[in-house]
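My numbering puts the sequence shown at residues 7 to 440.
Idealized CB from N, CA, C, for every residue including glycine.
What you are looking at is a predicted structure, and each value in this text was computed from that prediction instead of being measured.
For reference, the structure is listed below as structure tokens.
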Amino acid sequence: MLKNIIALSFLTCVSYSQTLQESLEEVLQTNPTIQERLQNYNATKQDITNAKSGYYPSLDLKLGAGQEKIERQYTTTDYSAYETSLNYTQNIFNGFGTTALVEGQEYRAVAAAYSYVEKVNATSSELVNTYLEAMKNEELLKTAQENVAIDQEIFNKVKKLYKAGLTTLSEVKKIESSLALAKSNLVVQENTLLNASYNLEKVLGHTLDASAMQKPNLDNVNFPQSQEEALAFAFKHNPSLLANEYNLKVAKATNKENKAKYYPKIDLDISQAYNHNVSGIKGKDDEFRAMAYLSYNIFNGFSDQSSIEKSYSQIQQQFENKRSVKREIVQSLKLSWAAQEKLQEQLIHLQEYKKFSNKTLILYSKEYDLGRRSLLDLLSAQNDFIRSKAQIITTQYSILNAKYKILNTMGVLVTSIMQDNKVVYSKVDLSGEK
């Protein structure tokens, strides 16, 4: 127990408190998994520029200087040779392959953008879960401490009665065992709080003082009125689904790019060469050439056909992925929606349970003092009261967590907490609207 007390004291000393919104703002700036996905988007965006280079000509300058030795039957001649050439190449037609490539890279960049938003929401959901878990266990710790205090009070009362000869030794031992169990449960709860704090630290990067955290609420959130409304919204805004839709478009663009190989290529090639003492020709030897080339592959071992068939399979693969993601969205939202509805219903009964168990404890305590209730009756009433408080705490946080899960499935978790969608979407050139 001493180790846990020291650890909790140390945790409090080195940590500080901040709201969920402040914590999320920090996570968006510092969490490594989020930053990795952002850099992946930035890298993917450069592929668009690379693809568009196919629209532009290629201009190559070549300079050369050296010695050239010509050996003939009776003479050997050394020359100082110089070469200068400028070559301009422009693709005129390639079966619209460049257009398809650019289109595919643009779709891939948007998919990477939504992949970033997806990771932001997933990490934010993890933050919410660990943040709420830490707060919940801090409240449960207070309940465990209250339980120890009540047992200690009863123990003092029983011990005084025993010394006065008004109760039995068995009742003393019974309250001693109850007090020992309460202290054991307190140590367990201290350890659970430590674990919750360390899990939060993993996401956030540093510890927080759970006792000074502010419990978040959804008062300013435009929460959906029905499960159907939430599902309809999720199908339009869930980042996982949107990323998959653009991956499907990438696969279709790749198919177009592969089909372009069945068309001929037309290239314009213009070159100007300035040579001196080159190839055995003494003195000036300049050359200008302007040519249009048509190239067409007749046979390449069915490679083009194989690439097209592969892209068809990739299209179908992405289509099935989209169906799978949709099913996951439906399942996740239905589970969370049912959970928050049933938990709210349960909370009503738990609050009644707490109210009556509290009254029972007060009455039993008075009746015990009058000798009309046994110690077992009193301890049973106490257990009911402590259990009701713990269950209410757990249920309240479960309701809050279920609602945040619904917002996460809808794709608006970060927006709901930060009250601003630009904080995420602007970093990847998205408006936040489909």
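Element boundaries [alpha helix (DSSP H), containing residue i]
i, result
"residue 366", "309-375"
"residue 391", "381-416"
"residue 179", "175-210"
"residue 154", "103-169"
"residue 233", "233-243"
"residue 436", "Unbroken run through residue 436: none, as it is neither H nor E."
"residue 422", "419-424"
Residues that residue i bridges to, as DSSP identifies them
i, result
"residue 255", "None; residue 255 has no bridge partner."
"residue 278", "92, 294"
"residue 71", "88"
"residue 44", "Paired residues: none, contrary to the question."
"residue 31", "According to DSSP, which records beta bridges pairwise, residue 31 is partnered with nothing at all."
"residue 76", "83"
"residue 301", "271"
"residue 66", "93"
"residue 99", "272"
Cut-off 8 Å between Cβ atoms - residues of its own chain near residue i, not counting five sequence neighbours on either side
i, result
"residue 14", "Bear in mind that a pLDDT of 43 at residue 14, under 50, signals an unreliable position, so the number given afterwards is only what the model happens to contain. The residues are 196, 199, 200."
"residue 352", "401"
Proximal residues to residue i (C-beta, below 7 Å), its chain only, five neighbours per side dropped
i, result
"residue 206", "136, 137, 140, 214"
"residue 63", "94, 95, 96"
"residue 221", "141"
"residue 388", "156, 367"
"residue 245", "120, 123, 124, 127, 417"
For residue i, the nearest candidate out of the options (CA to CA)
i, options, result
"residue 71", "82, 57, 288, 87", "87"
"residue 343", "232, 83, 386, 203", "232"
"residue 117", "49, 65, 92", "49"
"residue 145", "401, 261, 419", "401"
"residue 134", "350, 425, 410", "410"
"residue 98", "413, 152, 301, 392", "301"
"residue 114", "250, 364, 385", "250"
"residue 275", "75, 209, 78, 92", "92"
"residue 237", "412, 60, 28", "412"
"residue 226", "431, 187, 424", "424"
"residue 152", "174, 175, 179, 185", "185"
"residue 432", "100, 76, 119, 254", "119"
"residue 327", "105, 255, 414, 307", "255"
"residue 418", "218, 125, 38", "125"
"residue 272", "294, 54, 191, 299", "299"
"residue 406", "349, 383, 364", "349"
"residue 41", "216, 242, 278, 209", "209"
"residue 289", "295, 193, 281", "281"
"residue 294", "408, 261, 278, 377", "278"
"residue 202", "188, 217, 190", "217"
"residue 59", "305, 169, 105", "105"
Neighbourhood of residue i by C-beta, 6 Å cutoff - its chain only, sequence neighbours within 5 removed
i, result
"residue 122", "43, 44, 47, 434"
"residue 429", "none"
"residue 109", "259"
"residue 359", "394"
"residue 230", "236"
"residue 247", "331"
"residue 239", "416"
"residue 379", "370, 373"
"residue 53", "111"
"residue 253", "117, 324"
"residue 297", "275"
"residue 25", "220"
is_contact[residue i, chain C] using C-beta, thresh 8 Å
i, result
"residue 154", "Any reference to chain C falls outside this structure, which holds one protein chain only."
**OP:** Report yes or no: do the region 330-339 and the region 394-406 share at least 3 C-beta pairs separated by less than 8 Å?
**Re:** no
**OP:** Count the CB pairs spanning the region 117-134 and the region 30-42 that are closer than 8 Å, and state whether there are at least three.
**Re:** yes
Subject >> the region 263-271 touching the region 366-375, judged by at least three CB pairs closer than 8 Å >> reply: no
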